[in-house]
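A short write-up of the structure that comes next.
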Amino acid sequence: MTRIRDLPHKSVLGLAWPMILSNISVPLLGIVDTAILGHLPSPMYLSAVALGASLLSMLFWSFGFLRMGTTSLTAQAHGSKDSDRTYEVLMHSLALAGLVGGLLLLLRAPIINSAITLMDPSADTAHLAGEYGRIRLLSAPLVLCNVVILGWFIGRQNTRVPLMLLVTTNLINLLLDMVFIWGFELNSRGAALATVCADCCAFVIGMLCIARSHPRWYQQLLAHLPLRWRQIKPLLIINQHLFIRTLCLLLGLSFFNAQGAQMGDTILAANAIIFQLLMLCSYGLDGIAHASEALIGHSTGAKQYQRTRDTLVTTGIWSLTIAAIMSLFFALAQPVLITFFTDIASVQQALQQVFPWIIALPLISVWGYWLDGVFIGLGDSKAMLNTMLLAVFVVFFPVWFITQPWGNHGLWLAFSLLNLARGIGLAWSLAMRTKNPSNGVSI
Numbered sequence: 001m002t003r004i005r006d007l008p009h010k011s012v013l014g015l016a017w018p019m020i021l022s023n024i025s026v027p028l029l030g031i032v033d034t035a036i037l038g039h040l041p042s043p044m045y046l047s048a049v050a051l052g053a054s055l056l057s058m059l060f061w062s063f064g065f066l067r068m069g070t071t072s073l074t075a076q077a078h079g080s081k082d083s084d085r086t087y088e089v090l091m092h093s094l095a096l097a098g099l100v101g102g103l104l105l106l107l108r109a110p111i112i113n114s115a116i117t118l119m120d121p122s123a124d125t126a127h128l129a130g131e132y133g134r135i136r137l138l139s140a141p142l143v144l145c146n147v148v149i150l151g152w153f154i155g156r157q158n159t160r161v162p163l164m165l166l167v168t169t170n171l172i173n174l175l176l177d178m179v180f181i182w183g184f185e186l187n188s189r190g191a192a193l194a195t196v197c198a199d200c201c202a203f204v205i206g207m208l209c210i211a212r213s214h215p216r217w218y219q220q221l222l223a224h225l226p227l228r229w230r231q232i233k234p235l236l237i238i239n240q241h242l243f244i245r246t247l248c249l250l251l252g253l254s255f256f257n258a259q260g261a262q263m264g265d266t267i268l269a270a271n272a273i274i275f276q277l278l279m280l281c282s283y284g285l286d287g288i289a290h291a292s293e294a295l296i297g298h299s300t301g302a303k304q305y306q307r308t309r310d311t312l313v314t315t316g317i318w319s320l321t322i323a324a325i326m327s328l329f330f331a332l333a334q335p336v337l338i339t340f341f342t343d344i345a346s347v348q349q350a351l352q353q354v355f356p357w358i359i360a361l362p363l364i365s366v367w368g369y370w371l372d373g374v375f376i377g378l379g380d381s382k383a384m385l386n387t388m389l390l391a392v393f394v395v396f397f398p399v400w401f402i403t404q405p406w407g408n409h410g411l412w413l414a415f416s417l418l419n420l421a422r423g424i425g426l427a428w429s430l431a432m433r434t435k436n437p438s439n440g441v442s443i
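For the sequence shown, this note's numbering begins at 1 and goes up steadily by one.
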C-alpha cells in the first residue's frame, strides 16, 4: 500500500493552484464591474447589467460540458501518447462549440427577450438588460470556443495557460470597462462591449498558445476535416450526458432560488449571501477537481492503474482538507462575515439562522465536487448523469416537498441532501468500477 507521503501531492497541487487562482479572478472582476456601475448616477444601469449578466452566466454555464468533455478525451489521449488524437479532439470540440455558439448568435434576440420576460423587471431595466444581453451574445461562438481551449490545455496537464488566459482576459475587460463606461459614457452598453472585446482577445491569445504547442498546429487541426461520425461520436456521447446532467443541476438551482424568492426579500438576500460563500468554497474544490480530471484521464489513457489509484487518494485527501478548512473558516468568521455582507438588521438575523448550513455544506458537498473530477477523467459521463438524475428527482424535490413546513431550513436541507446524494451516488459507481480493473481503477 502506498504511503501518504509517497502519493503524487506535487503533481496534484502543481495543476490545482493555477486553476484556483484563475477561478478567483472571475468573481473579483464582477466586484470591480459592480463598483464601476454602482457609481453611475442611476442605479438602473447596475440593475440591468446584474440581470443580464446573471442570465448569460446561466446560459453559458449550461454549456460547460464542452470543457469537461474536451478535458476528459484530451487527457486520455495525452496519457496514451496519442498527440494526433489530442488535436482531433480539439478540432471536433471547436467545431461543436462554433456550431452551438453560432445558433446562440442567430437566436440571441428571442433568447434574451424570453428570459427577461420571465424575470419580469421594470420596463427601463428590461430594455437596458435586453440591450446588454444582445450585445454580449455577439461573441457567443468565441466564448464557447474559449471554454474548449481551456479544457484542452487542462487535459494536457497545462493549467498555467488557462490561468494566463483568464487573468489577462479579466484585466482587458476591466480596462475596457473604464474606457467605455467612464470615457465614452456608454454605461451598460459599454460593459457589454468591453466583455465582447475581451472574449475576442481571449480567443486570439488562446489560438496563439495552441500555435506554440506544435510547429505545424494548423496542419494538425485541418487534418481532421471534414468531420466524420465515427470520429466525433465519442465527443457527442460524453457531451450529451454532461449537457443533460448540467440541465438537471440548473433546474434544481433555479427551483431553489425561485422558492427562496417566494419567502420574501429578506430570505432571498440571506440565501444569496450564503450562495456566494458556497461559490467561494467551490473555487478551491474545483481546482482539485480539474487536477483530478487531467491526472486520472492521463493515467487511464496510459493504463497506469496504480497511478490512477494514487491520484484518486491524493485528490481526495486535498479536497477533504480544503473543505475542512473552509468549514472551520466559516465557523470562526461568522460574525465578521455577516457584518461584512450587510448592515440590515433583518437580513443579519436571517443569516444567523441559516449560517449553520454554510458551515456544514463544504464537508457535505466535497464528495460530489471531487468525484465529478474523477469521473470526467475516467470518461464515465453516464454515471455522472445517472447520479444527478437521482439526486435531483429522487432526493431534492421529494425532500423539499416533505419539508415545506420547515420553510427556508427545509429548502436548505433539500439542497444539502442533493449534494450529499451526488457524492454517495458517484462513490457507489466508483466502487462498482473497482470490481473490474480494466475500467481504469484498481483499489
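Glycine is no exception: its CB is placed at the ideal position from the N, C-alpha and C atoms.
Check: Alpha carbon to alpha carbon, what distance is there between residue 219 and residue 303?; Outcome: 29 Å
Check: Pick from 328, 337, 151, 255: whose alpha carbon is nearest that of residue 69?; Outcome: 151
Check: Assign residue 276 to one of two classes, buried (16 or more other C-beta atoms within 10 Å of its C-beta) or exposed (fewer than that).; Outcome: exposed
Check: Thinking C-alpha only, which one of 342, 19, 267, 49 is nearest residue 187?; Outcome: 49
Check: Exposed or buried, residue 432, counting other C-beta atoms within 10 Å across all chains shown (16 or more means buried)?; Outcome: exposed
Check: Runs of 4 residues minimum, wholly inside the region 61-86: which ones carry the alpha helix (DSSP H) assignment?; Outcome: 65-79
Check: Compute the Euclidean distance between the alpha carbons of residue 260 and residue 245, then round it to the nearest angstrom.; Outcome: 23 Å
Check: Under 7 Å Cβ to Cβ from residue 421, same chain only, skipping five residues before and after it: list those, please.; Outcome: 390, 391, 395
Check: Could you say which of 255, 72, 350 lies nearest to residue 154 if we only look at CA atoms?; Outcome: 72
Check: Exposed or buried, what is residue 289 when buried is set at 16 or more other beta-carbons lying within 10 Å of its beta-carbon?; Outcome: buried
Check: Buried or exposed for residue 453, going by 16 or more other Cβ atoms inside 10 Å?; Outcome: There is no way to answer for residue 453, as the model of the chain reaches only from 1 to 443.
Check: Return yes when the Cβ of residue 423 is within less than 9 Å of the Cβ of residue 366, no when it is not.; Outcome: yes
Check: Three-state secondary structure (DSSP) at residue 146?; Outcome: helix
Check: Which complete alpha helix (DSSP H) runs does the region 334-359 hold, if anything under 4 residues is left out?; Outcome: 334-341
Check: Please classify residue 339: is it buried, with 16 or more other beta-carbons within 10 angstroms of its beta-carbon, or exposed?; Outcome: exposed
Check: Counting along the chain, where does the alpha helix (DSSP H) carrying residue 203 start and finish?; Outcome: 187-213
Check: Between which two residues does the alpha helix (DSSP H) containing residue 419 stretch?; Outcome: 408-433
Check: Please report the straight-line C-alpha distance between residue 62 and residue 292, rounded to a whole angstrom.; Outcome: 21 Å
Check: Can you tell me where the alpha helix (DSSP H) holding residue 124 begins and where it ends?; Outcome: 123-136
Check: Is the separation between the beta-carbon of residue 521 and that of residue 343 shorter than 9 Å?; Outcome: Since the first residue of the chain shown is 1 and the last is 443, residue 521 is not available in this structure.
Check: By Cβ distance below 7 Å, which residues in the same chain neighbour residue 435 in space, the five residues on each side in sequence not counted?; Outcome: none
Check: So, are the CB atoms of residue 66 and residue 144 less than 9 Å apart?; Outcome: yes
Check: Short of 7 Å in beta carbon distance, which residues of its chain neighbour residue 146, apart from the five on each side in sequence? Order them along the chain.; Outcome: 199, 202, 203, 206
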